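Read in order, the letters of the sequence shown are residues 18 to 821 in this note's numbering. Structure record follows, encoded as structure tokens.
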Amino acid sequence: MHTDPLPLVAPLVDASVLWQRIPGMVLVLTPEGQGLFISQDYAEATGTALDPARGSGWDATLEPASREALHTALAGQRSFSHQLTLRRRDGQDLWVDCVAHWDPVAQHYVCLLHDVSALMHSARTQAEQLRLLADNVPSALAYYDAENFRCIFANRTYAQGFGWDEQSIIGRTFAEVIGEQAAREIQPHVEAMLREHRTISYERRVVRPDGSAQWIKVNLMPHLDAAGNALAALVLITDVTQQRQSEQALRESEERMARFMQASAEGVVFHRNGIIEDVNQPICELTGRSRDELIGRYALDFVPPEYHPKVLALLAAAQDATYESELIHRDGQRIPVEFIGRSMMRNGERLRMSIVRDIRDRQAAQARIHHLAHHDALTGLPNRMSFMEHLDQRMALARRTGESLALLFVDLDDFKRVNDSLGHLAGDKLLQTVAQRITDSLRASDRVARFGGDEFMVLLGGVQQRGDVEDVARKLLDAIQRPVEVDARWLSVTPSIGIALFPTQAQSPGELIMNADSAMYQAKGHGRATYHFFDPALASAAYEALELESQLSQALAESQFRLHFQPQVRAIDGALSSVEALIRWQHPDGRLLMPGDFLAVAEEQRLMLPIGHWVVREALKTARRWRAEGLTDVRISVNLSAVQFQASGFVEGIEQLLTEEEARGDWLEFELSERLLMNDVPQVKRRLSRLKALGSTIVVDDFGTGYFSLRYLRELPVDKVKIDRSFVKDLPVAVDSAAIARAIIQMAHNLGHAVVAEGVETSAQRNFLAAHGCEELQGEVITLPLPRDAFEDWLLRQRHAPRH
Numbered sequence: 018m019h020t021d022p023l024p025l026v027a028p029l030v031d032a033s034v035l036w037q038r039i040p041g042m043v044l045v046l047t048p049e050g051q052g053l054f055i056s057q058d059y060a061e062a063t064g065t066a067l068d069p070a071r072g073s074g075w076d077a078t079l080e081p082a083s084r085e086a087l088h089t090a091l092a093g094q095r096s097f098s099h100q101l102t103l104r105r106r107d108g109q110d111l112w113v114d115c116v117a118h119w120d121p122v123a124q125h126y127v128c129l130l131h132d133v134s135a136l137m138h139s140a141r142t143q144a145e146q147l148r149l150l151a152d153n154v155p156s157a158l159a160y161y162d163a164e165n166f167r168c169i170f171a172n173r174t175y176a177q178g179f180g181w182d183e184q185s186i187i188g189r190t191f192a193e194v195i196g197e198q199a200a201r202e203i204q205p206h207v208e209a210m211l212r213e214h215r216t217i218s219y220e221r222r223v224v225r226p227d228g229s230a231q232w233i234k235v236n237l238m239p240h241l242d243a244a245g246n247a248l249a250a251l252v253l254i255t256d257v258t259q260q261r262q263s264e265q266a267l268r269e270s271e272e273r274m275a276r277f278m279q280a281s282a283e284g285v286v287f288h289r290n291g292i293i294e295d296v297n298q299p300i301c302e303l304t305g306r307s308r309d310e311l312i313g314r315y316a317l318d319f320v321p322p323e324y325h326p327k328v329l330a331l332l333a334a335a336q337d338a339t340y341e342s343e344l345i346h347r348d349g350q351r352i353p354v355e356f357i358g359r360s361m362m363r364n365g366e367r368l369r370m371s372i373v374r375d376i377r378d379r380q381a382a383q384a385r386i387h388h389l390a391h392h393d394a395l396t397g398l399p400n401r402m403s404f405m406e407h408l409d410q411r412m413a414l415a416r417r418t419g420e421s422l423a424l425l426f427v428d429l430d431d432f433k434r435v436n437d438s439l440g441h442l443a444g445d446k447l448l449q450t451v452a453q454r455i456t457d458s459l460r461a462s463d464r465v466a467r468f469g470g471d472e473f474m475v476l477l478g479g480v481q482q483r484g485d486v487e488d489v490a491r492k493l494l495d496a497i498q499r500p501v502e503v504d505a506r507w508l509s510v511t512p513s514i515g516i517a518l519f520p521t522q523a524q525s526p527g528e529l530i531m532n533a534d535s536a537m538y539q540a541k542g543h544g545r546a547t548y549h550f551f552d553p554a555l556a557s558a559a560y561e562a563l564e565l566e567s568q569l570s571q572a573l574a575e576s577q578f579r580l581h582f583q584p585q586v587r588a589i590d591g592a593l594s595s596v597e598a599l600i601r602w603q604h605p606d607g608r609l610l611m612p613g614d615f616l617a618v619a620e621e622q623r624l625m626l627p628i629g630h631w632v633v634r635e636a637l638k639t640a641r642r643w644r645a646e647g648l649t650d651v652r653i654s655v656n657l658s659a660v661q662f663q664a665s666g667f668v669e670g671i672e673q674l675l676t677e678e679e680a681r682g683d684w685l686e687f688e689l690s691e692r693l694l695m696n697d698v699p700q701v702k703r704r705l706s707r708l709k710a711l712g713s714t715i716v717v718d719d720f721g722t723g724y725f726s727l728r729y730l731r732e733l734p735v736d737k738v739k740i741d742r743s744f745v746k747d748l749p750v751a752v753d754s755a756a757i758a759r760a761i762i763q764m765a766h767n768l769g770h771a772v773v774a775e776g777v778e779t780s781a782q783r784n785f786l787a788a789h790g791c792e793e794l795q796g797e798v799i800t801l802p803l804p805r806d807a808f809e810d811w812l813l814r815q816r817h818a819p820r821h
């Protein structure tokens, strides 16, 4: 049966209707890529239309790569699937999965396109997040194919660490990335990972481009499939340079600490929570125990119980501290030590380290120094300084308790003849014997001290009546005057004893000593070898003072006073440092009287005010003249009396003199006695401060003569102290004088004061004082006090004289 063929258009129309019914995006394409049909959804999504005449136009929005891939697949005339990227009419990318079914009969493809944009966006976001995470972890990451060892992925740290970036490193072999030499070095680790299918870790030392060393820790982690075959390897690299450097530093620190412990002459203990963990040999010696006996023991087991609270408090506070304590030796002996406690790290643990210093020698030296400073080197008795401190304290206590005291000033009669005839060794032996006899004659509560060369002080407490003191005085007379055998010779001396009572005869230490001294001279005036109580009513002395007062008034009116000048020079080179102005009285009868002949009366009769005023004015005139003539610009030193210094308006008077003489305060030094400085210390301090504000220098005169308390020297604004000539005259032979001079120099320096020595008569004295740090010297070895004209000639000669 013959039938005509059906027209082609009918099937197409029917097919088109059928394709229209398929939901979603549909394309009907020829192997050449010509479009036979596009669905409405495709047209709306892409904004394209099919050109029926040419079968084109439908692929206008395909990305070039997608268009090329699709046309290549179409030419194969077999079904396929492919992912394509299109541009939507709203400008957004559109990702689709294209499933193409080949119809061999119709010779075309029916392509169904499924929108996978949301999925692609999610995958891209995850990829970006993964990249962000990988690029910001503090390690280097890379992923290599296990078959060819080419890089599949690397984070920024890994890529840049080997000189690449995240794109250029992809596809590079392991050897290309890290270098052939490095690849050979780590090849055994790679093979072990692939062979054993486990993570391999190792460390490598690499050299940075700048030449510095870097330590890295590498972890090679295999990626296995379900069958256990290696697909790839994940490389994780961590920089451990800082950790290794810290470990090295710790090791070196531990080595240094170990060397320190073994080399240290002092004990070193490490303990944690009070339990000893390590010690060195000196600790073993201090405790008398071996290292094994100490480790594991409680540290406080070796410290006396009375020190435990302090030690525990410091440990609880983890404070660094230095303090003195004691250690208990195995034999029970207590050893004084100094602990220096520190908290520190050792072997990665916080421990407590204690340096233990044996201070037995230090304490012995301190005790020796303290003894020398407070005791007479020859007799072992308390010295002048110690006695003055004790007297000050006892008088203060007696004021509170109402106790009466008696001070006995003991002076050996004609002792100088013993030294002159038999020598100082014999004199020293005699003094030692006398000191012992005085001590043996007293109660334990009484105080005796060597006050000077042949002077002793005895302080009796609890005095009830005068007769008790007389009994002690007679006992001392009997004991001292007994003969003493010295070098097969029998010597004897007699004492003169002056007695002053507190509180009836004095109110201050200085006054009590002065009255006892006065009474001692009264005893000498009564024939010596006796004692005498201080008598305030001395009629004859008062009459002589009255007569002298009249003459002094006339001397002021008739300008009979003169100034003589004595230089003070630097001990180190003999250069002039200051000049002391010394008053002299050119008496009408032709005598040149010394200050000792008239100043005591002048002080008592209130004539010291105008006399002192005259001395300061004359000193300023002289200083101005010397400066104008270019002779010298050093300070001139003037002595201040108690009456002058304590007078109302004293400082104002000095200021007025400076104005009237057109002078400056720094032209002057003021010398004040120890006794003067002790009276009304707050007032003294204020006046001295005002003098220093003018630029003047303050000097303590006759230092060590017994009137001064050390605490005042510390409190007052003093610049210099002048060693009294009584301590200088027997230098350097007399042991006691040498000890006192050294003690004064050391004490003054410790308080920040310079030291001047007066009465320096010999080169031996000068050399001794200079060797022990005395800064300035004054005395006959340089020159006697000179009248002004003679002193100016001396100044001119000194300019050309060689200095020692």
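For every residue, glycine included, the Cβ atom is placed at its ideal position computed from N, Cα and C. Keep in mind that this is a model prediction, so the values were computed, not measured.
From the DSSP output, in three-state form, read off residue i for me.
| i | result |
| --- | --- |
| residue 181 | coil |
| residue 367 | strand |
| residue 772 | strand |
| residue 696 | coil |
| residue 810 | helix |
| residue 720 | strand |
| residue 507 | strand |
| residue 20 | Any reading at residue 20 is ruled out, since the residue's pLDDT is 38, under 50, leaving its predicted position unreliable. |
| residue 343 | strand |
| residue 404 | helix |
| residue 541 | helix |
| residue 54 | strand |
| residue 307 | coil |
| residue 602 | strand |
| residue 399 | strand |
Would you list the residues sitting across from residue i in a DSSP beta bridge?
| i | result |
| --- | --- |
| residue 804 | 581 |
| residue 472 | 428 |
| residue 112 | 102 |
| residue 128 | 44 and 117 |
| residue 234 | 220 and 255 |
| residue 656 | 688 |
Taking C-beta to C-beta, are residue i and residue j nearer than 7 Å?
| i | j | result |
| --- | --- | --- |
| residue 427 | residue 514 | yes |
| residue 178 | residue 199 | no |
| residue 321 | residue 343 | yes |
| residue 442 | residue 508 | no |
| residue 237 | residue 249 | no |
| residue 529 | residue 593 | no |
| residue 409 | residue 526 | yes |
| residue 792 | residue 588 | yes |
| residue 790 | residue 762 | yes |
| residue 707 | residue 668 | yes |
| residue 745 | residue 772 | no |
Within a Cβ cutoff of 8 Å, which residues of the same chain sit near residue i, ignoring the five residues on either side of it in sequence?
| i | result |
| --- | --- |
| residue 224 | 230 and 231 |
| residue 30 | Residue confidence for residue 30 is low, a pLDDT of 43 falling below 50, so the modelled location carries little weight and cannot support an answer. |
Starting from the Cα of residue i, find the closest Cα among the options and give me that residue.
| i | options | result |
| --- | --- | --- |
| residue 681 | 640, 720, 397 and 392 | 640 |
| residue 291 | 323, 328 and 284 | 328 |
| residue 11 | 125, 619 and 324 | Residue 11 falls outside the range modelled here, since the chain spans only 18 to 821, and no answer is possible. |
| residue 429 | 664, 449 and 416 | 449 |
| residue 123 | 494, 47 and 520 | 47 |
| residue 801 | 585, 738, 548 and 784 | 585 |
| residue 285 | 312, 121, 261 and 259 | 312 |
| residue 62 | 105, 97 and 98 | 105 |
| residue 159 | 235, 101, 478 and 88 | 235 |
Once you ignore the five residues that flank residue i on each side, which residues in its own chain have a CB closer than 6 Å to its CB?
| i | result |
| --- | --- |
| residue 624 | 569 |
| residue 688 | 654, 656, 716 and 718 |
| residue 444 | 435 and 436 |
| residue 532 | 517, 522, 523 and 551 |
To which residues of the same chain is residue i closer than 7 Å at the C-beta, ignoring the five residues directly before and after it?
| i | result |
| --- | --- |
| residue 60 | 66 |
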